[in-house]
Structure formats: structure tokens, C-alpha cells
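Taking the UniProt record's numbering, the leading residue of the sequence shown gets 1, the next gets one more, and so forth.
Don't be surprised by glycine CBs; every beta carbon is placed ideally from N, CA and C.
The model shown is predicted, which means the values in this text are computed figures rather than measured ones.
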Amino acid sequence: MRSPSCSAPACSISARKAASSLGALGAVAGAVLLPSLGWFSLPVAILCGAVAGSFACTIPAALRLRFGASEMVTSLVLNYAFLFLGLFVLNYVIRDPAAGGMMSLKIPPDAKLDRLLAGTRLNSGSIIAVLACIAGGIWLYWTRSGLNIRIAGSSPGFANHLGLPLKRIVMRAQIVGGLVAGMAGALEVLGLHARFAWLDLPGYGWTGLVVAILARENPFLLIPSALFLGFVQVGGDLLARNMNIPTEVVGLVTAAIMVGATASVIHNHPTVLRLIRNLRNRDADQAAVQPGVQA
1 MRSPSCSAPA
11 CSISARKAAS
21 SLGALGAVAG
31 AVLLPSLGWF
41 SLPVAILCGA
51 VAGSFACTIP
61 AALRLRFGAS
71 EMVTSLVLNY
81 AFLFLGLFVL
91 NYVIRDPAAG
101 GMMSLKIPPD
111 AKLDRLLAGT
121 RLNSGSIIAV
131 LACIAGGIWL
141 YWTRSGLNIR
151 IAGSSPGFAN
161 HLGLPLKRIV
171 MRAQIVGGLV
181 AGMAGALEVL
191 GLHARFAWLD
201 LPGYGWTGLV
211 VAILARENPF
221 LLIPSALFLG
231 FVQVGGDLLA
241 RNMNIPTEVV
251 GLVTAAIMVG
261 ATASVIHNHP
271 TVLRLIRNLR
281 NRDADQAAVQ
291 PGVQA
């Protein structure tokens, strides 16, 4: 299981894209800069990645609460700031001069995730991702703070009417989302790569958005949703190599799935249902009045 399944619980996608990249870089920095701690090196590296991701997501939330700035706009702007911050750290702090490119020092073996099946890329990060989804579901549906977050997310006005500390809830959600996104980036690089190499943005934030929409923002459904989307992407790659089908077809299929899932969510929204009901009632009234007008 790759990092999209773990980054899907995050809420603000633009901020989470930067958080995932900073999480991967933070994990590598923690692994190569800190002294060897034996078996404890791996959890320390993951923690460094989670903290870096949380830092990236806390700033847009703080700007929203302090100045009322849209977190979507600020996260889009900060995305590039965090990108170049990461490139600075990679180029001047953890770069390997002998690598011949924008690559970090090699990750120590103590900080690598174990492979679960020989000959595959399946590693122990999959177990951590599954546990993160289960823990997120338990937190959201069986704890008071999780209930407050769901109320504040679905109806901020109602949450304010109940007297809930809206600012604290928003900040808590951003911090937790950043921790998860940063951990996702850490699991990606510590489980699948020998070092951090800068090539391009992988786009896991948008993949996580698709998974979250398919799962209806239910953490317990993230795992099958991530597996389904992963099968679609891998199957598309196989078709592209074996049958010369353009790789853009996979993007079109993914877009169609996203449009269908989004349309279903929008159609079931109470406001949309109320609007549809009002339009139907108006049409029925017009149909009832029309025979009298003709007479």
C-alpha cells in the first residue's frame, strides 16, 4: 500500500501535498543527520516526517484563524514556498555530493521499513497505514473530540451555536491531518526508496482527494478505496505497456470515477435535495394552475 491510502484522511489537499513532501524530506533528514539509535531510528524518522508535515498544515490554519484568510488560497501559495524550502534542505543539508544529482545521503538500514514479501514492494508501512485508518475512524466516530470535528466540518454555524471551540477544533484537525500526511510521505520514502531524490511532485495529495471522495470521508472505507484506485492505476500502466493504450486513458477513467462519486455526494447534500424539492413543487404548482389559465 502506497502513501495515498494514508494521505487520504487529510482534509486540505493543497496543504497536504506540501506536507507529504516535507514529511518525506523530514524523515530522511532525521534518519541521516541523527546518530544511529538502533531499532529506535525508524520511529524517530517517521516522527520527524510527521512533525514536518504538521508544520506545513498548521500555518494555513493559523492564518485562517488569525486573519480570516482562505486556507485554500494560503496553502496554494505556501505550496511553492515549502517546495523551495525542501529543495534548500535537500541541496544544502542532506545532499550526497557523490550522487551526481539532487539526491540525499543514503537512508541507514536501521531506518528502513521491512519488506513483508520477498520480490515485491510490500513493506511494513502498509500495516502502519491500515492502523492509521482504523485509529482515525475510531477517533472520529467514538470520541468526543472526533464528534466535535465532524460537527464543525459539516455545519460550522451549528457548532458555533452549540458553543464548541471552533478555532481550537480547526487547529486540531489541521495538526492531525498534517501529522498523517507527513507520516505518509515518510512511509513512502523509508519503505520504497534508498534515498530522497528530487524528480517531480508525485501528486499524492490529489490522489488522496480521490480516495477520500470514494470513501465518503469515512476512514474505515479508505483502505478498499485506495486498493481500488491502485488497481485502476496499475492496470492502466499494464495496458499501456502491453497493449499500447495511451496512459491518458487511466486519467480519464479516474476523472470519470471522481465525477461520478462527487456528483453522488453533491446530489445527496441536504441543500441540493431541498433545492430539487422546491423546483419540483414549483413545477407541480405551475402544472396545476395551467389548465385554469387556458380555460
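Applying the criterion that 16 or more other CB atoms from any shown protein chain within 10 Å of the CB defines a buried residue, is residue i buried or exposed?
i	result
R64	buried
L227	exposed
S7	For S7, the predicted model reports a pLDDT of 43, less than 50, meaning its position is unreliable; a value from the coordinates is still stated below. Buried, because 16 or more other Cβ atoms sit within 10 Å of the Cβ of S7.
N123	buried
E71	buried
F82	buried
E248	exposed
G74	This sequence places Thr at residue 74; Gly is not what is there. Counting Cβ neighbours within 10 Å, T74 comes out buried, since at least 16 surround it.
T120	exposed
P43	exposed
S54	buried
S14	Summary for S14: the model assigns pLDDT 48, below 50, so the residue's position carries little reliability; its value from the coordinates is reported in the next sentence. Flag for S14 reads buried.
G68	exposed
T143	exposed
Just the C-alpha distance for residue i and residue j, rounded to the nearest angstrom, thanks.
i	j	result
L229	I223	10 Å
T254	L221	18 Å
L209	S21	16 Å
A31	A45	5 Å
G205	G38	32 Å
M258	S36	44 Å
I134	Q286	51 Å
L113	R280	57 Å
R274	H161	22 Å
A240	G251	12 Å
V234	G163	47 Å
L166	L140	16 Å
L214	A261	6 Å
A189	I127	Note that residue 189 is Val in the sequence shown, not Ala. Cα to Cα, V189 sits roughly 15 Å from I127.
V232	L238	10 Å
A194	I107	6 Å
R216	A263	12 Å
L187	G203	16 Å
A118	R66	51 Å
N278	A284	10 Å
R115	G236	25 Å
G125	I245	32 Å
L85	N242	40 Å
A256	Y92	43 Å
I138	F40	27 Å
I276	R282	10 Å
Y80	T207	19 Å
Among the options, which one has its Cα closest to the Cα of residue i?
i	options	result
A212	G136, A159, G163, W39	G136
L192	P109, N160, T58, G163	P109
V51	S225, A240, M183	M183
D96	L90, F88, L105	L105
R168	Y92, G260, L47, T58	T58
V130	S225, F67, S154	S225
L78	G68, V93, A62, A56	A56
N218	A132, L166, Y80, A256	A132
S155	V170, V189, W142	V170
P60	F88, N244, R172, A256	R172
V89	A27, G236, I175	A27
A111	L199, Y80, I245, G49	G49
I175	A29, A62, S41, N244	A62
Is the shortest distance between the beta-carbon of residue i and the beta-carbons of chain C less than 8 Å?
i	result
A45	The structure shown contains no chain C, having only a single protein chain.
For my contact list, residue i and residue j are in at a C-beta cut-off of 8 Å; report their separation, rounded to the angstrom.
i	j	result
F158	I151	7 Å
F196	L25	6 Å
L47	W198	Not quite, the Cβ-Cβ distance comes to about 23 Å (not below 8 Å), so this is no contact.
G185	G23	3 Å
A19	I94	Incorrect: roughly 19 Å between the Cβ atoms, too far for contact.
Are the segment 163-180 and the segment 95-112 touching, with three or more C-beta to C-beta distances below 8 Å?
no
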